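The listed protein sequences correspond, in order, to chains A and B.
Be aware that the first sequence starts at 1471, since it is given in the numbering used here, and climbs by one per residue.
Be aware that the second sequence starts at -13, since it is given in the numbering used here, and climbs by one per residue.
We treat Cβ as the ideally placed atom computed from N, Cα and C, and that holds for glycine.
None of the values given here were measured: they were computed from a predicted structure.
Take a look at the structure set out below.
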Amino acid sequence: MTMIEIRWHGRGGQGAVTASEVIASASILEGKYALAFPEFGAERRGAPVRAYTRITDSPLIPRTPVERPDVVVILDRSLVRRDYIEGLKEGGIIVANVPLKPQELLDKLGLAGQYKAATVDATSVALKWLKANIVNTAILGALIRSTGIVRLDTVLEVIKSRFHGKIADVNVMAVKDAYDSTQLSWG
Amino acid sequence: MEELKTRRPIPLSTNYAIAYAARDLDVDVVSAYPITPQTTVVEKVSEFVANGELDAAFIHVESEHSALSAAIAAALTGARAFTATASQGLALMHEMLHIASGLRAPVVMSVAMRSLSAPISIWNDQSDIFNARDAGWVIMFVHTAQEAYDTVIQAYRIAEDPSVLLPVMVAYDGYVMSHTTEPVVVEGRESVMKFAPKRQYPYRLDPDRPVTIGAIVPPEYYYEIKYQQVKAMEGALPKVDEVDREFGKAFGRSYGVMECYMCEGAEALIMANASYAATLKSLLPDAWKQGYKVGLLRLRLYRPFPLRQFVEYTSNVKSLLVVDRSISYGAPYQGPLANEIAGAKLKEDLGFNLISVVAGIGQRTMENEDFIALARLAWEGRTRKFPETVFYGVRE
């Protein structure tokens, strides 16, 4: 398989780094090689953060920032802008937390025909299940649904090992809910 | 061997991989002070102690100086002692670094390499380790989380060997490795202890047989004791190799003391370690496609320096680019490793052109194209001299 490169954009506290690690962890448990790492800054709640996940079948993976992603995941609505799409490969996928239909998102960004989009109202999903604006597990549902890079079950397994008790339960519900409610520009 | 092949890798950061190694090695004493980006190593170890997976004395200290002091004392009683640090922590330990090696205390310490203040930078470079290189420790650089787990295990076999009895540092890049999630095969207590059983420290502190360790030594004897460290370091070289080979037989993974990657047909080499070595491995095929036939000389064992392997790998190349991620201010080459390599080149009468490059200071970003640019520089170095250190990517 060729390498799949994902770039995550969120704000400190939303869980972009955790999401990048959950996807890498699920890939590793499915027998692939993967790396996940944040763009390191002093951790500040609310500041824009980025993280990266690379998935492939070879242990040779560069530990450099992802400049040409196959998928851009945007966790925060204020970051749903063209400058955060920069470098996305032709035909690449934008996974965004917005209360818009995917085609509306592409039109709004002026990127129709160039990229594919998957949209989910992850904020509402997070508020419903977690009672907090921590959208990372919800956006994971949208990423799995739109890319199929890992199985939903594997991601749920990782979440259950990472979180405990009720926290694990509501995050599992958030992933499933977002998985079901994600809309795709191509389907 | 069948069982090995089916063992399932789990996702771990390098910091966690090291904590799992300490757990599987059944360390007796952990004495550490948290510092970014090392913190999650000791967090995880303390979790293992708290939940009963590791039966160790976890000593909470007020500084890194005390952390290493306690680890040295523990090792001298015959306990298996572990500590971990980075950056200012390693700098604060500096006095005790020399005492650990001088007392021949087989302490193992992991170092998540980070820049030094001032100005304050929490980010990665290798200033901490290169400031500690002459403290008489065995120093090993690792380039994946798996290698970190494996090397910490190897480190105890090396440190505790009666013919060595030297402290060992296992170093890896802060953040770029310490906080990166990747696959790691964890072997577990039983097979790790079979490979690295605890041994009786020959000169241990024992209340029933009181001895004084580390007393004042007059000029008539001090020199000989320091010379014993010279011989111990020389003796560590074949031991590191031997332990690595045995590790390979036991677990199916071995690394050598120095690795030459894509060196077949290469006319130029880049010497790099840790995360840069990992990245170069993935990107060198692209460099070759662009016509730069450049190999990677990965520095794994740094002290003692594996000179024989170095000569073997570099005797037929036209250029060697040495990447330093720390600065030796005012030195002939301002990269400390390049300075040493200039010495090795002279000593062994090697013909390559040496290119000294400083990069990644304070974790200045290196993108894929920057690594290709290093390959291009190494390639150009075949036919062109670079008399001065190249400060790659700096704004003047």
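Identify the residues that DSSP records as bridge partners of residue i: which are they?
{"i": "tyrosine 1522 (chain A)", "result": "A:Arg1477 and A:Phe1507"}
{"i": "lysine 1586 (chain A)", "result": "A:Ile1563"}
{"i": "glutamine 1653 (chain A)", "result": "A:Thr1589"}
{"i": "asparagine 339 (chain B)", "result": "B:Ser305"}
{"i": "proline -3 (chain B)", "result": "B:Pro169"}
{"i": "isoleucine 1544 (chain A)", "result": "A:His1479 and A:Ala1566"}
{"i": "alanine 98 (chain B)", "result": "B:Tyr158"}
{"i": "leucine 287 (chain B)", "result": "B:Met126"}
{"i": "glutamate 245 (chain B)", "result": "B:Arg284"}
{"i": "phenylalanine 385 (chain B)", "result": "Lying outside -13 to 382, the shown extent of chain B, residue 385 (chain B) is not represented and no answer is given."}
{"i": "valine 344 (chain B)", "result": "B:Asp310 and B:Phe377"}
What did DSSP end up calling residue i once you bin it into helix, strand or coil?
{"i": "phenylalanine 233 (chain B)", "result": "helix"}
{"i": "tyrosine 187 (chain B)", "result": "coil"}
{"i": "leucine -10 (chain B)", "result": "With a pLDDT of only 44 at leucine -10 (chain B), under 50, the local geometry of the prediction cannot be trusted, and the value read off the model is given with reservation. Note: leucine -10 (chain B) maps to helix in three-state DSSP."}
{"i": "phenylalanine 377 (chain B)", "result": "strand"}
{"i": "leucine 1660 (chain A)", "result": "The first residue shown for chain A is 1471 and the last is 1657, placing residue 1660 (chain A) beyond what the model contains."}
{"i": "isoleucine 1604 (chain A)", "result": "coil"}
{"i": "proline 224 (chain B)", "result": "helix"}
{"i": "alanine 1489 (chain A)", "result": "helix"}
{"i": "alanine 359 (chain B)", "result": "helix"}
{"i": "glycine 367 (chain B)", "result": "coil"}
{"i": "alanine 317 (chain B)", "result": "coil"}
{"i": "glycine 1494 (chain A)", "result": "As written in the sequence, residue 1494 (chain A) is alanine, which differs from the glycine given in the question. Of the three classes helix, strand and coil, the one that applies to alanine 1494 (chain A) here is helix, per DSSP."}
{"i": "phenylalanine 68 (chain B)", "result": "strand"}
{"i": "alanine 254 (chain B)", "result": "strand"}
{"i": "isoleucine 45 (chain B)", "result": "strand"}
{"i": "methionine 1471 (chain A)", "result": "coil"}
{"i": "aspartate 120 (chain B)", "result": "coil"}
{"i": "tryptophan 109 (chain B)", "result": "coil"}
{"i": "proline 1535 (chain A)", "result": "coil"}
{"i": "lysine 1646 (chain A)", "result": "helix"}
{"i": "glutamate 50 (chain B)", "result": "helix"}
{"i": "alanine 61 (chain B)", "result": "helix"}
{"i": "glutamine 276 (chain B)", "result": "coil"}
{"i": "glutamine 1484 (chain A)", "result": "coil"}
{"i": "threonine 265 (chain B)", "result": "helix"}
{"i": "asparagine 259 (chain B)", "result": "coil"}
{"i": "arginine 294 (chain B)", "result": "helix"}
{"i": "proline 205 (chain B)", "result": "helix"}
{"i": "lysine 217 (chain B)", "result": "helix"}
{"i": "alanine 330 (chain B)", "result": "helix"}
{"i": "threonine 351 (chain B)", "result": "coil"}
Return the Cβ separation of residue i and residue j in integer angstroms, given the expectation that the two are a contact with Cβ distance under 8 Å.
{"i": "tryptophan 109 (chain B)", "j": "glutamine 349 (chain B)", "result": "3 Å"}
{"i": "glutamate 253 (chain B)", "j": "valine 216 (chain B)", "result": "That pair is no contact at about 36 Å."}
{"i": "tryptophan 1478 (chain A)", "j": "serine 1497 (chain A)", "result": "Contact doesn't hold; Cβ gap of about 15 Å is too wide."}
{"i": "glycine 1618 (chain A)", "j": "lysine 1646 (chain A)", "result": "16 Å between Cβ atoms; not a contact."}
{"i": "phenylalanine 338 (chain B)", "j": "threonine 300 (chain B)", "result": "6 Å"}
{"i": "threonine 166 (chain B)", "j": "serine -1 (chain B)", "result": "6 Å"}
{"i": "tyrosine 1585 (chain A)", "j": "glycine 1561 (chain A)", "result": "7 Å"}
{"i": "valine 162 (chain B)", "j": "serine 261 (chain B)", "result": "4 Å"}
{"i": "threonine 1593 (chain A)", "j": "serine 1616 (chain A)", "result": "With a Cβ gap of about 18 Å, threonine 1593 (chain A) and serine 1616 (chain A) do not count as contacting."}
{"i": "arginine 1481 (chain A)", "j": "proline 1518 (chain A)", "result": "6 Å"}
{"i": "valine 344 (chain B)", "j": "glutamine 320 (chain B)", "result": "6 Å"}
{"i": "lysine 212 (chain B)", "j": "serine 149 (chain B)", "result": "In fact, because the Cβ distance is near 18 Å, the residues do not count as touching under 8 Å."}
With a threshold of 9 Å between beta carbons, is residue i in contact with chain D?
{"i": "leucine 282 (chain B)", "result": "This model lacks chain D altogether, as its protein chains are A and B."}
Confirm the yes/no value for this check: CB of residue i, any heavy atom of the ligand FAD, distance under 8 Å.
{"i": "isoleucine 327 (chain B)", "result": "Of ligands this structure carries none, so the ligand FAD is not represented either."}
Could you tell me which whole alpha helix (DSSP H) segments of length 4 or greater appear in the region 1612 to 1644 of chain A?
1622 to 1632
Could you run through the region 1530 to 1556 of chain A and flag, in chain order, every residue whose CB is less than 8 Å away from some CB of chain B?
Those would be Leu1530, Ile1531, Pro1532, Arg1533, Thr1534, Pro1535 and Glu1537, in chain order.
Which complete beta strand (DSSP E) runs does the region 2 to 30 of chain B hold, if anything under 3 residues is left out?
15 to 18
Tell me the start and end of each unbroken alpha helix (DSSP H) in the region 126 to 203 of chain B that is at least 4 residues and wholly inside, in chain order.
Taken in chain order, the complete alpha helix (DSSP H) segments of 4 or more residues contained in the region 126 to 203 of chain B are 131 to 145 and 175 to 181.
Quick one, which residues of the region -11 to 18 of chain B are near chain A if we go by CB-CB under 8 Å, in chain order?
Going along the region -11 to 18 of chain B in chain order, one finds Arg(-6), Pro(-5), Ile(-4) and Pro(-3) with a Cβ nearer than 8 Å to chain A.
Between the region 1622 to 1638 of chain A and chain B, which residues of the former have a C-beta closer than 9 Å to a C-beta of the latter?
Val1628
Which residues, in order along the region 94 to 112 of chain B, keep a beta-carbon less than 9 Å from a beta-carbon of chain A?
Ile108, Trp109 and Asn110
With 7 Å as the limit, tell me which residues of the region 152 to 181 of chain B have their beta carbon closer than that to any beta carbon of chain A; keep them in chain order.
Tyr161, Val162, His165, Thr166, Thr167, Glu168 and Pro169
What residues in the region 336 to 366 of chain B have a beta carbon less than 9 Å from any beta carbon of chain A?
Gln349, Thr351, Met352, Glu353, Asn354, Glu355, Asp356 and Phe357
Listed from N- to C-terminal order along the chain, which residues in the region 260 to 285 of chain B have their beta-carbon within a distance smaller than 7 Å of any beta-carbon of chain A?
Ser261, Ala264, Thr265, Lys267, Ser268 and Leu269
What are the residues of the region 1502 to 1518 of chain A that lie near chain B, defined by any Cβ-Cβ distance shorter than 8 Å?
Tyr1503, Ala1504, Leu1505, Ala1506, Phe1507, Pro1508, Phe1510 and Ala1512
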